[in-house]
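**Student:** Just passing along the structure, written as structure tokens.
Chains as they are written, first to last, in this note's numbering: chain A, 462 to 573; chain B, 3 to 115.
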């Protein structure tokens with residue numbers, strides 16, 4: 462079954478804790494993306510990667526970090542520097558520029 | 003800066019009636035535009051895209067969108083709405099050759115039986 466898998470579905474973060482959201486794709490896509498979704502604000506780009514071992518900051522990268530060691534995987538770490546982490550996080554992938562995005566089912570992150 | 007606007011937070015339509023969800027864009031150069039749909043607690047699903055060519059773009063589930071360069075609009079339409087079309091719809095855009103898409107704030111479509 463091809464697609465993008467995000468885990469976990471729900472995640473809770475304690476004060477001062479770093480948490481990592483997983484994103485795996487088996488679509489053989491080169492590009493991968495992380496978006497944050499807040500009610501009434503649409504989707505905002507956190508980080509994106511066009512190729513393995515390379516990634517760029519999006520519009521709201523502060524307090525987040527990523528890695529792209531494998532083509533299939535693009536994990537997102539929400540660090541303690543992100544003071545307002547509660548949101549729905551969406552991972553996506555695509556063949557490349559101008560191509561449609563394939564989205565995972567999302568991870569809801571909340572603060573304890 | 004590039005931007006995409008969805009002026010309506012919510013659109014209500016009766017089943018069987020035509021529906022329109024509005025989107026306007028501000029993109030330098032040649033725009034490429036998308037519509038996506040999101041069901042509760044799910045990721046977004048692709049509906050259709052415009053890059054070049056015909057101004058009327060046909061997509062999934064009977065949806066279509068009309069690209070209007072003079073009005074910088076890309077409205078989503080469907081001739082006959084279904085209750086199952088009720089969802090959150092996002093317009094997104096960028097310019098050709100530019101990697102990052104900009105998303106609108108979303109429009110909630112409610113189709114009543």
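All C-beta atoms in this analysis are idealised placements derived from N, C-alpha and C, irrespective of residue type, glycine included.
Is it true that the stretch 513 to 530 of chain A meets the stretch 10 to 18 of chain B, where meeting means three or more beta-carbon pairs spaced less than 8 Å apart?
**Tutor:** Not touching, per the Cβ criterion.
**Student:** Report the partner residues of residue 110 (chain B) according to the DSSP bridge assignment.
**Tutor:** Numbered from its first residue, the second chain carries residue 110 (chain B) at position 108. DSSP, once it has assigned bridges, lists B:12, B:90 as partnering residue 110 (chain B).
**Student:** Hey, is the stretch 524 to 541 of chain A in contact with the stretch 19 to 26 of chain B, meaning 3+ C-beta pairs nearer than 8 Å?
**Tutor:** Taking 8 Å as the limit for Cβ pairs, the verdict is that the stretch 19 to 26 of chain B does not touch the stretch 524 to 541 of chain A.
**Student:** Tell me the residue span of the beta strand (DSSP E) that contains residue 25 (chain B).
**Tutor:** As a working note, residue 25 (chain B) is residue 23 in the second chain. Residue 25 (chain B) -> no beta strand (DSSP E), and no H or E assigned at all.
**Student:** Using a C-beta cutoff of 8 Å, does residue 102 (chain B) count as contacting chain A?
**Tutor:** For the purposes of this step, residue 102 (chain B) is taken as the residue at position 100 of the second chain. With 8 Å as the cut-off, residue 102 (chain B) counts as an interface residue toward chain A.
**Student:** So which residues on chain B does residue 559 (chain A) lean against when the C-beta distance must stay under 7 Å?
**Tutor:** Position 98 of the first chain, counted from the first residue, corresponds to residue 559 (chain A). By Cβ distance, chain B contributes 34, 53, 98.
**Student:** Going by DSSP, what residue range makes up the beta strand (DSSP E) through residue 503 (chain A)?
**Tutor:** Here residue 503 (chain A) refers to the residue found at position 42 when the first chain is read from its first residue. Looking at the DSSP string, the run of the beta strand (DSSP E) that includes residue 503 (chain A) is 503 to 512.
**Student:** Which same chain residues, not among the five before or five after residue 504 (chain A), have their C-beta less than 6 Å away from its C-beta?
**Tutor:** Counting from 1 along the first chain, the entry for residue 504 (chain A) is found at position 43. These residues qualify, in order along the chain: 496, 498.
**Student:** What in chain B is Cβ-close to residue 566 (chain A), meaning under 9 Å?
**Tutor:** On the first chain, position 105 is the one that residue 566 (chain A) refers to. By Cβ distance, chain B contributes 43, 44, 45.
**Student:** When the distance is taken between beta carbons, is residue 65 (chain B) closer than 8 Å to residue 90 (chain B)?
**Tutor:** On the second chain, residue 90 (chain B) is found 88 positions in, with the first residue counted as 1. On the second chain, residue 65 (chain B) is found 63 positions in, with the first residue counted as 1. No. Outside cutoff.
**Student:** Give me the chain A residues within the contact set of residue 92 (chain B), using Cβ-Cβ distance strictly less than 8 Å, ordered along the chain.
**Tutor:** Taking the second chain and counting its residues from 1, one reaches residue 92 (chain B) at position 90. Ordered by position in chain A, the residues that pass the 8 Å Cβ test against residue 92 (chain B) are 503, 504.
**Student:** So the beta strand (DSSP E) residue 33 (chain B) belongs to, where does it begin and stop?
**Tutor:** In the second chain, residue 33 (chain B) corresponds to position 31, counting from 1. Where residue 33 (chain B) is concerned, the enclosing beta strand (DSSP E) stretches over 33 to 40.
**Student:** Give me the chain A residues within the contact set of residue 107 (chain B), using Cβ-Cβ distance strictly less than 8 Å, ordered along the chain.
**Tutor:** Here residue 107 (chain B) refers to the residue found at position 105 when the second chain is read from its first residue. Those within 8 Å of residue 107 (chain B) in chain A are 501, 502, 503.
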